[in-house]
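Colleague:
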Amino acid sequence: MANNSVILIGFMATGKSTVACELEEKHGFVRVSTDEMIISKVGLSINDIFEKYGEEYFRKLEDDVILELVNALKTSNKNYVIDCGGGLAMSKNFHLFKVVSKVCFLDTAFEVILKRLADDTTRPLAKDKAKMQNLYGMRYDLYKKSCDFVVNDDNLDIIVKNILKKVTK
Ligand code: S3P
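Written as C-alpha cells, this is what we have:
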C-alpha cells in the first residue's frame with residue numbers, strides 16, 4: 366500500500382476533477398474518478414442513471430465503488446488520487462477509505478460554486494439552486510468531519526502544493 370494517496374471530497378464544482386488531473390499530469394498520481402467509474406459500469410450518463418434508476422441506485426453504486434477502490438489502494442504500491450462525486454462522503458462505506466488514504470476536503474464558498482454551476486446541465490442535483498444550497502448546508506459539517514485536512518484556496522498551484530505537503534509528510 367502506497368501512503369501518498371489522496372482522496373478528494375467536497376461539494377459539486379469545488380475543483381476536485383481539476384486538482385485530480387493536475388496531480389495525475391504533473392505529479393504522476395494514478396487518477397480515478399468515481400463518477401467516471403459509475404458511468405462506464407452502467408453505460409449511461411449520471412443524469413440518465415438518476416432519471417432511469419433513481420438516486421438511491423446511484424448511491425448503491427457509489428457504495429460498491431468505494432469497496433472496489435479500497436481494495437485497489439490496499440494492494441497497489443502506486444499513489445492514487447481519487448476524485449469523489451460530491452455525495453460519496455455520505456456513503457456508509459466512506460470510513461473504509463480513511464484506513465487506506467488521507468482525505469482532503471476542498472472547501473469552496475457556496476457563492477463560487479453557484480457561479481461555476483450557473484449553466485451546468487450535467488448534474489441532476491444542481492438543477493434547482495435553492496435545493497442545492499440546502500444540500501450544501503446539510504453536508505458541510507460532514508465533509509469537515511470526514512477529512513484529514515482542508516484546503517481552501519482558489520489558486521490551483523497553491524491547492525496542489527498544499528495537498529502534496531500534507532500527503533508526502
Ligand atoms: C453529486 C455530485 C456529482 C455526481 C452526482 C451527484 C452529489 O459529482 O456524483 O451528480 O450528490 O453532490 P461532482 O461532485 O463531481 O459534481
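By my numbering, the letter at position 91 of the sequence shown is numbered 456, and the numbering carries on one by one without gaps.
For each residue, glycine too, the CB sits at the ideal point set by N, CA and C.
(1) Within 7 Å: the Cβ of Leu490 and any heavy atom of ligand 1?
(2) With H, G and I counted as helix, E and B as strand and the rest as coil, what does DSSP make of Lys443?
(3) How about the segment 440-453 and the segment 476-484: do they share at least three Cβ pairs that are nearer than 8 Å?
(4) Answer yes or no: the CB of Ala378 versus the heavy atoms of ligand 1, is any distance below 7 Å?
(5) Alpha carbon to alpha carbon, how far is Met503 from Phe423? Give it in angstroms, no decimals.
(6) Using 8 Å as the cut-off, can you tell me whether the segment 460-471 makes contact with the segment 507-524, which would need three or more C-beta pairs spanning the two stretches below that distance?
(7) How about Lys381: is its Cβ closer than 7 Å to a heavy atom in ligand 1?
(8) Take every Cβ of the segment 388-401, pair it with every Cβ of the segment 433-449, and state whether three or more of those distances are shorter than 8 Å.
(9) Between which two residues does the beta strand (DSSP E) harbouring Lys467 extend?
(10) Whose C-beta lies closer than 8 Å to the C-beta of Asp400 among residues of the same chain, with five residues either side of it excluded?
Modeller: Considering the structure as presented:
(1) Numbered from 1 along the sequence shown, position 125 holds the residue referred to as residue 490. Checking the Cβ of Leu490 against ligand 1 gives yes.
(2) Taking the first residue of the sequence shown as position 1, residue 443 is located at position 78. The answer is coil: DSSP assigns Lys443 none of H, G, I, E or B.
(3) no
(4) Working through the sequence shown from its first residue, we reach residue 378 at position 13. At least one heavy atom of ligand 1 is nearer than 7 Å to the Cβ of Ala378, so yes.
(5) Here residue 423 is taken as the residue at index 58 of the sequence shown, counted from 1. Here residue 503 is taken as the residue at index 138 of the sequence shown, counted from 1. Looking at the two C-alpha atoms, the distance is approximately 19 Å.
(6) yes
(7) Here residue 381 refers to the residue found at position 16 when the sequence shown is read from its first residue. True, at least one ligand heavy atom lies under 7 Å from that Cβ.
(8) yes
(9) Translated into the one-based positions of the sequence shown, residue 467 becomes position 102. Lys467 -> beta strand (DSSP E) spans Lys467 to Leu471.
(10) Position 35 of the sequence shown, counted from the start, is the residue given in the question as residue 400. Same-chain partners within the cutoff: Ile411, Asp448 and Gly450.
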